[in-house]
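Beneath this line is the structure, given in structure tokens, with notes to follow.
Residue numbers (our numbering): 330 to 479.
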């Protein structure tokens, strides 16, 4: 009977650990999402204008009143360059999702430059992800958003 008790106890410990891990991941995912409901504002990468941290995954959900759309433009953009934006990137959930990375436009990387991005409706998301290293201390981004009548 004693070995069976050890097995049940071991299974209970594993289940408790899995439950803790799932709860931690749910809380961590929510902690990295920010809702913005103002008519205009700024979004900054973490630590801007200093180098941004490694292993970032942050989403900003912008929402303006019905009848408006969101106008977004980058005032500063300096991310680690990578082929097809596989390391660090900013992704917009605009009418046509866009992926930006690097410091300058190449044949495999797109930077926002002077481009203005518009939402299709009254909501838009912006996600920033960085990989495990930022050795050259890229400074990240500063983006301005504003509600604009449709």
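Glycine included, every Cβ here is placed at the ideal spot set by N, Cα and C.
- Within the same chain, Cβ atoms closer than 6 Å to the Cβ of residue 452 are found at 392, the five residues on either side in sequence being excluded.
- The DSSP assignment places 397-407, 418-421, 427-429, 445-447, 452-458 as complete runs of the beta strand (DSSP E) inside the segment 388-461, in order along the chain (cut-off: 3 residues).
- Residue 422 and residue 441 have their C-alpha atoms some 14 Å from each other.
- Taken through DSSP and simplified to helix, strand or coil, residue 380 comes out as coil.
- Residue nearest to residue 388 within the set 378, 379, 365, 402 is 365 (criterion: CA-CA distance).
- Residue nearest to residue 368 within the set 385, 390, 383 is 390 (criterion: CA-CA distance).
- At a Cβ-Cβ threshold of 8 Å, residue 374 and residue 461 do not count as neighbours.
- Minimum Cα-Cα distance from residue 445 among the listed residues 431, 398, 458 corresponds to 398.
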